[in-house]
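Our numbering numbers the first residue of the sequence shown as 1 and each following residue consecutively. Just so you know, even glycine gets a beta-carbon here, dropped at the ideal spot from N, CA and C. All figures in this text were calculated on a predicted structure; none of them were measured in a lab.
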Amino acid sequence: MGGSRAGEMRLTRFLRNDAVTCEEMLSEAAARTAERCAGRHVVAIQDTTVLDSSGGGGAYLHAVIALDGEDDAILGLVDGQFLERSGGRRAGRRQARIEEKESFRWLMGADQAASVCAGAASVTVVADRESDIFEMFALRPEGAELVVRAAHDRALADGGALFAAVDAAPVAGRAGLVLAAKPGRKRRTAQMAVRFLPVALACPANGQRRDLP
Numbered sequence: 001m002g003g004s005r006a007g008e009m010r011l012t013r014f015l016r017n018d019a020v021t022c023e024e025m026l027s028e029a030a031a032r033t034a035e036r037c038a039g040r041h042v043v044a045i046q047d048t049t050v051l052d053s054s055g056g057g058g059a060y061l062h063a064v065i066a067l068d069g070e071d072d073a074i075l076g077l078v079d080g081q082f083l084e085r086s087g088g089r090r091a092g093r094r095q096a097r098i099e100e101k102e103s104f105r106w107l108m109g110a111d112q113a114a115s116v117c118a119g120a121a122s123v124t125v126v127a128d129r130e131s132d133i134f135e136m137f138a139l140r141p142e143g144a145e146l147v148v149r150a151a152h153d154r155a156l157a158d159g160g161a162l163f164a165a166v167d168a169a170p171v172a173g174r175a176g177l178v179l180a181a182k183p184g185r186k187r188r189t190a191q192m193a194v195r196f197l198p199v200a201l202a203c204p205a206n207g208q209r210r211d212l213p
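Put into structure tokens, the structure is as follows:
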């Protein structure tokens, strides 16, 4: 970073300056990303990465990165949330409100994507299975669509379950996905079937909020 020894020294002095805050750096990065998102079909990808996992806890960064949906070009940082874990079991997680849970970061990331990329032609937020939270769908920010890897076979409002409903839907298309080789498995191409249908999810019985749609 810095491009040269002199550049590295300037960057070091900048980061060590007490007047420079993480919040301001994130805000400036988001503002520049917003400019580049204008008029584009934006895919906002969010995920959590480990910075330090020592002692059973550690430090983590939950980042949201914007890409151009047409050519996959990286447009910039949308949001960044720093998390600290002290280790040990977190009691009462199922009974707590979503705002009190660490998983609230997924909702905050989606909200920030909709806000920062408001000038885009469209915004699609993509997240892994840890973001499969009922509130993620019920509180989806206006102006953003969600693509979430399913982790739960959710109950449907009109009866039945999500996975069975998807399995019963007609195949809309097929695509090949190359799986890299790993110990005990050769490189191969998996054939994927694409199915879709509209469903209404039933609110979980253990949910603490009764005002969700």
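Any idea what DSSP makes of residue i, helix, strand or coil?
i: Arg-187; result: coil
i: Val-178; result: strand
i: Val-166; result: helix
i: Ala-193; result: strand
i: Asp-128; result: coil
i: Asp-111; result: helix
i: Ser-122; result: strand
Of the choices the options, whose alpha-carbon is the least far from that of residue i?
i: Pro-170; options: Val-194, Arg-187 and Phe-163; result: Val-194
i: Gln-112; options: Arg-140, Ala-96, Arg-97 and Lys-101; result: Arg-140
Round the Cβ separation of residue i and residue j to the nearest angstrom and send it over; I've been treating them as touching at under 8 Å.
i: Val-64; j: Ala-44; result: 6 Å
i: Gly-57; j: Arg-85; result: 4 Å
Leaving aside the five residues before and after residue i along the sequence, list all residues of the same chain whose C-beta is less than 6 Å from its C-beta, in chain order.
i: Arg-149; result: Asp-128 and Arg-129
i: Glu-99; result: none
Is there a C-beta anywhere in chain B that falls below 7 Å from the one on residue i?
i: Gly-76; result: Of the chains in the structure shown, none is chain B; there is only one protein chain.
Could you compute how far the alpha carbon of residue i sits from the alpha carbon of residue j?
i: Leu-197; j: Arg-174; result: 16 Å
i: Thr-189; j: Ala-180; result: 9 Å
i: Ser-47; j: Leu-107; result: A quick correction: the sequence has Asp, not Ser, at residue 47. Looking at the two C-alpha atoms, the distance is approximately 12 Å.
i: His-41; j: Ala-144; result: 11 Å
i: Gly-184; j: Leu-177; result: 19 Å
i: Leu-212; j: Ala-165; result: 23 Å
i: Glu-8; j: Gly-76; result: 21 Å
i: Ala-151; j: Ala-6; result: 48 Å
Using C-beta distances below 7 Å, list every residue in its chain close to residue i, excluding the 5 sequence neighbours before and after it, in chain order.
i: Ala-155; result: Ala-161 and Ala-202
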